[in-house]
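What follows is one structure encoded as structure tokens, with my remarks underneath.
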Amino acid sequence: MTEKDSNQMKRKLKIGWFTFTCCEGCAIIFIELLNDHFNEWKEKIDFKHIKMLKSRNELKNLDLAVVEGAISTQKDLDRLLEIRKNAKYVMAVGSCAITGMPAGLRNRFNQKQKKEISNVLKKFGYLERVEPVSKYIKVDSKVHGCPMDGELFVKEINTYLEKSR
Amino acid sequence: MHNVSDISIKDLSKIEGHGSVDIKVSRNKVKDLKLKIVENKRFYTQAVRGLSIENISSLVSRICGTCSLSHMTCCLEAIENGLGITPSDQSMALRHLSMNGTIARDHAMHLYMFCLPDVFGKDSVLDFDKEQMKVVEDGLKVKKAANSLSTLAAGRAVHAPYPKIGGFTQIPKKEDVKIVLKELVSVREHVLDLIDIFFNADFEFFCSARNIALTDKKFNFVEGRISDSEGKVVNEKEFAGHLHRVVIPYSQATGFGYKGERYLVGSISRLNLNKYNLHRKTMRDAGEYLSVFPSQNIFHNNLAQAIEILHCIDASVEILESSDFKLEKFPEIKKKTGEGIGVVEAPRGTLYYELNIKEGIVQDGLLVIPTAQNQVNMEKDIGELVQQNLDAGFDKHTIEHNIEKLIRAYDPCMSCASHFLRVNWKD
Numbered sequence: 344m345t346e347k348d349s350n351q352m353k354r355k356l357k358i359g360w361f362t363f364t365c366c367e368g369c370a371i372i373f374i375e376l377l378n379d380h381f382n383e384w385k386e387k388i389d390f391k392h393i394k395m396l397k398s399r400n401e402l403k404n405l406d407l408a409v410v411e412g413a414i415s416t417q418k419d420l421d422r423l424l425e426i427r428k429n430a431k432y433v434m435a436v437g438s439c440a441i442t443g444m445p446a447g448l449r450n451r452f453n454q455k456q457k458k459e460i461s462n463v464l465k466k467f468g469y470l471e472r473v474e475p476v477s478k479y480i481k482v483d484s485k486v487h488g489c490p491m492d493g494e495l496f497v498k499e500i501n502t503y504l505e506k507s508r
Numbered sequence: 086m087h088n089v090s091d092i093s094i095k096d097l098s099k100i101e102g103h104g105s106v107d108i109k110v111s112r113n114k115v116k117d118l119k120l121k122i123v124e125n126k127r128f129y130t131q132a133v134r135g136l137s138i139e140n141i142s143s144l145v146s147r148i149c150g151t152c153s154l155s156h157m158t159c160c161l162e163a164i165e166n167g168l169g170i171t172p173s174d175q176s177m178a179l180r181h182l183s184m185n186g187t188i189a190r191d192h193a194m195h196l197y198m199f200c201l202p203d204v205f206g207k208d209s210v211l212d213f214d215k216e217q218m219k220v221v222e223d224g225l226k227v228k229k230a231a232n233s234l235s236t237l238a239a240g241r242a243v244h245a246p247y248p249k250i251g252g253f254t255q256i257p258k259k260e261d262v263k264i265v266l267k268e269l270v271s272v273r274e275h276v277l278d279l280i281d282i283f284f285n286a287d288f289e290f291f292c293s294a295r296n297i298a299l300t301d302k303k304f305n306f307v308e309g310r311i312s313d314s315e316g317k318v319v320n321e322k323e324f325a326g327h328l329h330r331v332v333i334p335y336s337q338a339t340g341f342g343y344k345g346e347r348y349l350v351g352s353i354s355r356l357n358l359n360k361y362n363l364h365r366k367t368m369r370d371a372g373e374y375l376s377v378f379p380s381q382n383i384f385h386n387n388l389a390q391a392i393e394i395l396h397c398i399d400a401s402v403e404i405l406e407s408s409d410f411k412l413e414k415f416p417e418i419k420k421k422t423g424e425g426i427g428v429v430e431a432p433r434g435t436l437y438y439e440l441n442i443k444e445g446i447v448q449d450g451l452l453v454i455p456t457a458q459n460q461v462n463m464e465k466d467i468g469e470l471v472q473q474n475l476d477a478g479f480d481k482h483t484i485e486h487n488i489e490k491l492i493r494a495y496d497p498c499m500s501c502a503s504h505f506l507r508v509n510w511k512d
């Protein structure tokens, strides 16, 4: 291994993937992107937190936290704030994280619909409204789409990989 | 002998969605066990009411990323059955292709990315050595080919744009068909390797529950009749009547029982009930592996999934080679009111939609989700497994890992399970 290689090893981008209230379709797009990028990303990225791929996950000193899903419970919110504290950058991916929809359909419910779900909301600690991630924390970059646009995601990741060099 | 205290796995890994397990242990006995689906609800039950039939299929697709095409297909089928619309043979072929693509992609993700680390004794595919990585690299190609198949037929693997009531808005281009055919044929050998890996994995846990699946003379995921392991065929209209809801107060999903008993849906049920109708090439090349079915070993669900990938490839190659796709006119929607049922086999089992439509607007819907159906059984099995492990004197870490392994054998999808649409329930 050359010195340059070993320096690069040290400078792997530390990434975490976090899922809030959503269908996890963006995560599926990510898993599909691995078809073409697995080896490259394994070289350049240290996946510190990715529940879909490993059981030993860590939220500490991340370079980049990727967040999918809207914020709908107090637990979601507490976790989101913890993520922001532990990540240099936060990237919101997909429509739910960026706009709150379609995960936030209940925001538009009429009185009758709201009454039907009120017990569940109370019991499981839901917040009054479903909100996009940016309502609560600073978001550094976004990848739009429902599900997120795969090509744009790769472009964004490359920007961060460049930054970390 | 280890003295194991209470066990709590907060966030199950390498599955679809969020789940947790809490177990109370006292004097080496399981006293209480809770499998919790902690996926946040998005209240699709309420949200679909009042939607136009034109919009509902792309909304229910958003219930779950990985199962999106199953929800979409099942919903379209329910609308068509309710309003007396018959899709053309070509549209049915495209539906088979999109479902084959979704089943193969989802199974490949589950087996290569989530289950293989258990077989190889590693925590993650990210930790694999060179030789193990070779299998994953093959797997990525399999996944990619399956993804291409769904994209070819439905426009995208997640939240597909082409499938609509009565047909598809686009048809596959000839040159794309050629590319996908080549891709499918080229990954076939990797799938055979995968089948061999899961055939030789020596994990075992026996589960006596009744099997339920859609069966047909041509093994597929779209058409057929609901059958159970007693050899009974259930009329679609009566299926919901045989089910009873099992309310699980600590879970965000409701469980189901069938004729008063636990039951099991998914790949293992499909192969247990219908293995002789797999594609002839699959039968030819996976014959020796098929001899284990019918099986009650829940880990054979993973073997069944691997065999289904092969079937999806073989069946799709046959359809693609024999089709000449032409743009078609959509059948006219004459009737706007009716009640319709849709049943498909999603990757994780029988998915059932019952929609009540009035003047083109959805009034109500009932949705029976595979993982919700398996939830009761899965919880019971975890309890038995833990007790067996305690009796054998295993330490807590090993027991926790064994629980996760068992859950991954079931391949639950928590995103789906927390969203079932309930109305007019016949208690």
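Sequence lines, in order, name chains A and B. 344 is the number of the first residue of the first sequence in our numbering; add one for each residue after it. 86 is the number of the first residue of the second sequence in our numbering; add one for each residue after it. C-beta: ideal position from N, C-alpha, C; glycine also.
When rounded, the separation of the alpha-carbon atoms in residue 126/B and residue 337/B is 7 Å. Residue environment analysis places residue 488/A among the buried positions, since at least 16 neighbouring C-beta atoms fall within 10 angstroms of its C-beta. At least 8 Å separates the CB of residue 310/B from every CB of chain A. Taking C-alpha positions only, residue 373/B is separated from residue 278/B by approximately 13 Å. If one requires a minimum length of 3 residues, the beta strand (DSSP E) runs lying completely within the stretch 99 to 158 of chain B are 104 to 111 and 114 to 122, in chain order. Per DSSP, the beta-bridge partners of residue 248/B are 253/B. Scanning the stretch 430 to 499 of chain A for uninterrupted beta strand (DSSP E) segments of 3 residues or longer gives 430 to 436, 469 to 474 and 484 to 486, listed from N- to C-terminal end.
At least 8 Å separates the beta-carbon of residue 356/B from that of residue 297/B. The criterion of a C-beta distance shorter than 8 Å is satisfied by residue 359/A and residue 408/A. With respect to the 8 Å criterion, residue 470/B and residue 459/B are not classified as neighbours on the basis of their beta carbons. For chain B, the residues of the stretch 436 to 456 of chain A that bring a beta carbon within less than 7 Å of one of its beta carbons are 445, 446, 448, 449, 452 and 456, in chain order. In the DSSP assignment, residue 435/B falls within the unbroken beta strand (DSSP E) covering 434 to 443. For chain B, the residues of the stretch 362 to 384 of chain A that bring a beta carbon within less than 9 Å of one of its beta carbons are 362, 363, 364, 365, 366, 367, 368, 369, 370, 371, 372, 374, 375, 377, 378, 379, 381 and 382, in chain order. Taking a Cβ-Cβ threshold of 9 Å, none of the residues of chain B is close to residue 426/A; the smallest such distance is about 14 Å.
The C-beta distance from residue 453/B to residue 325/B rounds to 7 Å, short enough to meet the 8 Å contact threshold. Residue burial is scored here from C-beta neighbours: residue 502/A has fewer than 16 other C-beta atoms within 10 angstroms and is therefore classed as exposed.
Contact annotation: the stretch 291 to 306 of chain B does not touch the stretch 247 to 254 of chain B, with fewer than three C-beta pairs closer than 8 Å.
Chain B places a beta carbon closer than 8 Å to that of residue 460/A, counting this residue as a contact. With a 10 Å radius around the Cβ and a threshold of 16 neighbouring Cβ atoms, residue 424/A comes out exposed. Scanning its chain for C-beta atoms nearer than 7 Å, with the 5 sequence neighbours on each side dropped, one finds around residue 138/B the residues 164, 250, 442, 445 and 447, in chain order.
One finds 98, 99, 208, 209 and 489 in chain B with Cβ atoms closer than 8 Å to the Cβ of residue 398/A, taken in chain order. If you draw a straight line from the Cα of residue 112/B to the Cα of residue 426/B, it is about 50 Å long. Contact between the stretch 424 to 434 of chain A and the stretch 475 to 488 of chain A is present: 3 or more CB-CB pairs across the two stretches fall below 8 Å. The beta carbons of residue 362/B and residue 409/B sit no closer together than 8 Å. 229, 232, 242, 243 and 244: these are the residues of the stretch 229 to 253 of chain B whose beta carbon lies less than 7 Å from some beta carbon of chain A, given in chain order. Close to chain A, meaning a Cβ-Cβ distance shorter than 7 Å, are the following residues of the stretch 108 to 138 of chain B: 125, 126, 127, 128, 131 and 132.
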